[in-house]
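Quick note on the working numbering: the sequence shown kicks off at 190 and runs consecutively. C-beta atoms are modelled at their ideal positions from N, C-alpha and C, and glycine is treated no differently. Given the structure is predicted, the values throughout are model-derived calculations rather than measurements.
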Amino acid sequence: MQLDRLQKIIAHAGFASRREAEAMIREGRVTVNGRVVTALGTKADADRDHIKVDGKLITRAETHRYILLYKPREVTSTVNDPEGRKTVVDLVKGVRERIYPVGRLDYQSEGLLLLTNDGDLAFKVSHPKHGSVKTYHVKVRGIPDERIVGKLERGITIDGKRTVPCEIQRMKTTGRSTGRGEDEGNSWYEVRLREGRNQQIRKMFKAVGHPVSKLRRVAIGPISDPKLTPGSWRELTKHEVKMLATMQEAPKAKPKPKRVVRAAGASRKKGAPEARTTRGKTTRKKAAPPKRQARRAR
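Here's what the structure looks like:
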């Protein structure tokens, strides 16, 4: 007899990711041998116990599927949509296994999305601590200066919570800055993000006055494919699955130090002694006396 946590069994069966399975348990949607279970620490035997989710009997997934999809705009990153809109699962034809999207892209965004029935891998890819960096190409209105970009990289507070430090690199700019606080043009950035909060990139740039007009995810961890077009998909290779499965836990990102800008005329002259502050008084090191030139031998 092998006992496993319920959320792990549900994830292995391909019903949902592990985090989604935990929510199902807390909501009382899971039964074991006819009894409702709400405790996350509950264990069961997938081969012997009758485990149901929303009344459906759990069975072990026969084959794991790993699909890389290019999600077009105006498609939901869900299995079902109560409003009847097209979902990412609708785009993947001919797949018999019960797959679901790992993470999400908002309705107006496009780009790469992973779908699978492997709950363990889905958890690893979606959880920030495993170092799965998502890379985006983002078009924003206006031309943010370096100070604003640095602020976003170090982290800002949105929805009452501070964002994790990220990497932002300017790709190109169209138009020009008027110098009057109004920019005529747009800027493209590559944004590398470890966390995936709801519409995070859009909210970050909107908070600094440069709303996003286009957003495209171009990589999930080490996985990318510039050949995929909106609505197309392919299976991951064994090597790609292994790369995702063996990602190491990410070190904590250190925020970039603020850049110190000297006031005009405040730069120290070359060779000038450095000032030192002691108990509120500013003293200056004495300059070393010039070295005597050696006498020439007669």
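If residue i sits next to residue j, beta carbons under 8 angstroms apart, how far is it from one beta carbon to the other, in whole angstroms?
i: Trp422; j: Leu258; result: 4 angstroms
i: Asn306; j: Glu286; result: 5 angstroms
i: Ser315; j: Met436; result: The Cβ separation is near 12 angstroms, so there is no contact.
Quick check on the burial criterion: 16 or more other C-beta atoms within 10 angstroms. Buried or exposed for residue i?
i: Ser206; result: buried
i: Gln196; result: buried
i: Met360; result: exposed
i: Asn222; result: exposed
i: Gly300; result: buried
i: Val329; result: buried
i: His201; result: buried
i: Pro290; result: buried
i: Leu341; result: buried
i: Ala483; result: Unreliable positioning characterises Ala483 in this predicted model, as indicated by a pLDDT of 47, which lies under 50. A coordinate reading is not provided.
i: Ile345; result: exposed
i: Val547; result: With the chain covering 190 to 487 only, the question about residue 547 has no answer from this structure.
i: Thr418; result: exposed
i: Glu429; result: buried
i: Arg487; result: The pLDDT assigned to Arg487 is 42, lower than 50, so where the model puts this residue is not dependable; a value taken from the coordinates is nonetheless given after this. By the neighbour-count rule (16 or more Cβ atoms within 10 Å), Arg487 is not buried but exposed.
i: Val264; result: buried
i: Pro333; result: buried
i: Arg485; result: Its pLDDT being 49, under 50, Arg485 is placed unreliably by the model, and nothing is read from it.
i: Gly308; result: buried
i: Arg383; result: buried
i: Thr406; result: Checking the displayed sequence, the identity of residue 406 turns out to be Arg instead of Thr. Burial call: buried.
If you check the beta carbons only, do residue i and residue j fall under 9 angstroms apart?
i: Val401; j: Arg391; result: yes
i: Lys241; j: Ser298; result: no
i: Met213; j: Asp234; result: no
i: His253; j: Gly203; result: yes
i: Gly420; j: Leu294; result: no
i: Pro424; j: Ile256; result: The sequence shown places Glu at residue 424, rather than the Pro named in the question. Their beta carbons are under 9 angstroms apart, which means Glu424 touches Ile256 by this criterion.
i: Ser376; j: His399; result: yes
i: Glu211; j: Leu229; result: yes
i: Thr231; j: Glu216; result: no
i: Ser266; j: Gly292; result: yes
Closest by CA to residue i, which one among the options?
i: Leu246; options: Val264, Thr267, Arg254 and Arg218; result: Arg218
i: Glu356; options: Tyr378, Gly349, Glu373 and Gly364; result: Tyr378
i: Gln389; options: Ile347, His316, His399 and Ser266; result: Ile347
i: Gly410; options: Ser266, Lys313 and Lys416; result: Lys313
i: Asp236; options: Asp309, Asp295 and Leu192; result: Leu192
i: Thr363; options: Arg351, Val353, Ile337 and Gly331; result: Gly331
i: Val353; options: Ser376, Arg381 and Asp334; result: Arg381
i: Leu404; options: Met432, Thr324 and Val284; result: Thr324
i: Val327; options: Gln358, Leu310, Gly349 and Arg208; result: Gln358
i: Arg339; options: Met393, Glu263, Gly273 and Glu216; result: Checking the sequence shown, residue 339 turns out to be Gly, not Arg. Looking at the Cα atoms, Met393 is the closest of the given residues.
i: Lys431; options: Pro333, Glu384, Leu310 and Thr227; result: Leu310
i: Glu272; options: Tyr296, Ala408 and Ile288; result: Tyr296
i: Ala396; options: Pro415, Gly349 and Leu433; result: Gly349
- Item | Start-end ranges of the alpha helix (DSSP H) lying completely within the region 224–304, minimum 4 residues | The DSSP assignment places complete alpha helix (DSSP H) segments of no fewer than 4 residues inside the region 224–304 at 277–280, in order along the chain.
- Query: In chain order, which beta strand (DSSP E) runs of at least 3 residues are fully inside the region 318–362?
  - Reply: The qualifying runs are 323–330.
- Identify every run of the alpha helix (DSSP H) within the region 376–421, keeping only runs that are complete inside it and at least 4 residues long; order them along the chain. You should have 389–396.
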